[in-house]
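Residue numbers (this note's numbering), protein chains in the order written: chain A, 921 to 1170; chain B, 1016 to 1169.
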């Protein structure tokens, strides 16, 4: 019984880390199935929804559930789980080692320092503004850089400390709109507010979530796909509202 | 066309490389994958831009075909990159999508609805649906090509 328990908990933890950090449903199911098979339970039943995972071992007449409350994007963790699962498959680590390593992944994985994230937000905002619209006057570039960094910083801090969903997107977008609006009144010519906003919101916008929603639906996950779509629509709505609040003052 | 490729095309490729690498950092991909995923993104965006310039069609059709082929290119390139670096594919194909993905349009839908321009919102909504569907389809095709490549290389 002890071993079945460990198999189920390890499988659930691996699945939860993958699902919480941006993997598609099909990938989560596939990885979990591999882990149970390699642990000696090839006919284990895996059932993955966006908000919870179930694993059952029919041979042992046992099953366990794990709820998923938080969804974000951290591909480093996805990579680590993938590597561990591979090492487990080739018997380089055994089940208890695998379980300990997974707990370690979930707690501490090297992340980029905050200054790097701000720099990345700046690069994403400015380059995409130029790529999408072709506008690159000095005023555009400076305002877009400021707005992009400030918007992302607000988004990141609120997510980090408050954990209130959709509020972070709303405040981030509102600040972007505000910076763009202030720039509009300070700059006499050569200023394109629409271009600046479209660049600056790119680090926040749920484009990947929308695409993943369609991909999950296409692989037959008819509950999780639309659920992801709802989540993406809500964050698009939060961002759109944040910008719209400032756009009435032009 | 050649002139375009060596001026605007080159600039767009560099911009897409930077944007993809930056987005990769925001998604916290492993450091040793940042550079390569930047190039995968650049390849996808260049494909899209070239098709957008070359095809003599309506805007929505160009969007559909351009994004479809670009998604196939990104999917196949990520498959190769993933095997080369021994990492899951998701690390390369998610950041690479950032220039293509309909995030900007999705926010414009809501913004135009709120500011009272439902026709404009409708246009953008159509683009969101087209692009998201076509990218998902492109990834399916890429998956198939990846399996064929794997099959014939073994």
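Where is the CB? At the ideal position from N, CA and C, for every residue including glycine.
It should be emphasised that the depicted structure is a prediction, and the values quoted were computed from it without experimental measurement.
Can you name the start and end residues of the beta strand (DSSP E) that residue 1046 of chain B belongs to? Following the DSSP letters along the chain, one finds residue 1046 of chain B in no beta strand (DSSP E), marked with neither H nor E.
Complete runs of the alpha helix (DSSP H) confined to the stretch 1131-1167 of chain A [at least 4 residues]: Counting only runs that start and end inside the stretch 1131-1167 of chain A, the alpha helix (DSSP H) elements of at least 4 residues fall at 1144-1167.
Residue 936 of chain A and residue 998 of chain A: beta carbons closer than 8 Å? A distance of 8 Å or more separates the beta carbons of residue 936 of chain A and residue 998 of chain A.
Run down chain A in chain order and give the residues with a C-beta less than 8 Å from the C-beta of residue 1071 of chain B. The premise fails here: residue 1071 of chain B is roughly 21 Å from chain A at the closest Cβ pair, so nothing lies under 8 Å.
State yes or no: is the beta carbon of residue 1130 of chain B nearer than 8 Å to at least one beta carbon in chain A? Taking Cβ atoms only, chain A reaches closer than 8 Å to residue 1130 of chain B, which makes this a yes.
So what does residue 974 of chain A bridge to, in DSSP terms? According to DSSP, residue 974 of chain A bridges with A/967 and A/985.
Can you list, in chain order, the residues of its chain whose CB lies under 6 Å from that of residue 1099 of chain B, leaving out five sequence neighbours each side? Result list for residue 1099 of chain B: empty, nothing under 6 Å.
Taking only beta-carbon positions, decide if residue 1099 of chain A is within less than 8 Å of chain B. For residue 1099 of chain A, the closest Cβ of chain B is not nearer than 8 Å.
At what residues does the alpha helix (DSSP H) containing residue 1115 of chain A begin and finish? 1113-1120 is the extent of the alpha helix (DSSP H) around residue 1115 of chain A.
Listed by chain order, chain B residues near residue 1104 of chain A by CB distance under 8 Å: Ordered by position in chain B, no residue passes the 8 Å Cβ test against residue 1104 of chain A, which lies about 16 Å from the chain.
At a CB-CB cut-off below 7 Å, which residues of chain D make contact with residue 1079 of chain A? Among the chains of the structure shown, chain D does not appear; the protein chains present are A and B.
Rounded separation between residue 990 of chain A and residue 1021 of chain B - CA only: Taking the CA atoms as reference points, residue 990 of chain A sits about 45 Å from residue 1021 of chain B.
Counting pairs of Cβ atoms below 8 Å between the stretch 1131-1145 of chain B and the stretch 1063-1082 of chain B, do you hit three or more? The stretch 1131-1145 of chain B vs the stretch 1063-1082 of chain B: in contact.
Look at the alpha carbon of residue 1000 of chain B and the alpha carbon of residue 1129 of chain A, and state the distance between them as a whole number of angstroms. There is simply no residue 1000 of chain B to check, as chain B begins at 1016 and stops at 1169 in what is shown.
Which stretch, first to last residue, makes up the alpha helix (DSSP H) that contains residue 944 of chain A? Residue 944 of chain A -> no alpha helix (DSSP H), and no H or E assigned at all.
Quick check on residue 1048 of chain A - is its C-beta less than 8 Å from some C-beta in chain B? Yes - at least one Cβ of chain B is within 8 Å of the one on residue 1048 of chain A.
CB contact below 8 Å: residue 1137 of chain B versus chain A: Chain A contact via Cβ: absent.
Between which two residues does the alpha helix (DSSP H) carrying residue 1136 of chain B extend? Here the alpha helix (DSSP H) through residue 1136 of chain B covers 1133-1167.
Residue 938 of chain A: which of A/1051, A/1047, A/1123 and A/1001 sits nearest, CA to CA? Ranked by how close their Cα comes to the Cα of residue 938 of chain A, the residues A/1051, A/1047, A/1123 and A/1001 have A/1001 in first place.
So residue 1040 of chain A and residue 1041 of chain B are supposed to be a Cβ contact under 8 Å. How far apart are they, rounded? That belief holds up - the Cβ atoms of residue 1040 of chain A and residue 1041 of chain B are roughly 5 Å apart, short of 8 Å.
Determine the direct distance from the alpha carbon of residue 1096 of chain A to that of residue 1163 of chain A, and round the result to whole angstroms. Taking the straight line from one Cα to the other gives about 7 Å.
Counting along the chain, where does the alpha helix (DSSP H) carrying residue 1024 of chain A start and finish? 1015-1027 is the extent of the alpha helix (DSSP H) around residue 1024 of chain A.
Which one of B/1063, B/1081, B/1124 and B/1038 has the shortest CA to CA distance from residue 1107 of chain B? From the listed residues B/1063, B/1081, B/1124 and B/1038, the smallest Cα separation to residue 1107 of chain B is found for B/1038.
For residue 1169 of chain A, count the other beta carbons within 10 Å of its own beta carbon; 16 or more makes it buried, fewer makes it exposed. Which is it? Using a 10 angstroms sphere on the CB of residue 1169 of chain A, the tally of other CB atoms stays under 16, which defines it as exposed.
Do residue 1033 of chain B and residue 1043 of chain A come within 8 Å of each other at the CB atom, strictly closer than that value? The answer is yes: Cβ separation under 8 Å.
For residue 959 of chain A and residue 976 of chain A, which I take to be in contact (beta-carbon distance under 8 Å), what is that distance rounded to the nearest angstrom? With 8 Å as the limit, residue 959 of chain A and residue 976 of chain A do not qualify as a contact, their Cβ atoms being about 14 Å apart.
Supposed contact pair residue 1044 of chain B and residue 996 of chain A - C-beta distance, whole angstroms, cut 8 Å: That belief holds up - the Cβ atoms of residue 996 of chain A and residue 1044 of chain B are roughly 6 Å apart, short of 8 Å.
In three-state DSSP terms, what is residue 1116 of chain B? Of the three classes helix, strand and coil, the one that applies to residue 1116 of chain B here is coil, per DSSP.
Taking buried to mean at least 16 other C-beta atoms within 10 Å of its own C-beta, is residue 1084 of chain A buried or exposed? Residue 1084 of chain A is exposed by the Cβ-count criterion.
Quick one: which chain B residues come within Cβ less than 8 Å of residue 1031 of chain A? In chain order: 1043.
Closest by CA to residue 867 of chain A, which one among A/924, A/1155, A/933 and A/1165? Lying before the first or after the last residue shown, residue 867 of chain A is absent from chain A, which here runs from 921 to 1170.
Is it a yes or a no for the stretch 1125-1141 of chain A touching the stretch 1106-1113 of chain A, going by three-plus beta-carbon pairs under 8 Å? Not touching, per the Cβ criterion.
Helix, strand or coil for residue 1101 of chain B per DSSP? In this structure, DSSP gives residue 1101 of chain B a state outside helix and strand, which the three-state scheme calls coil.
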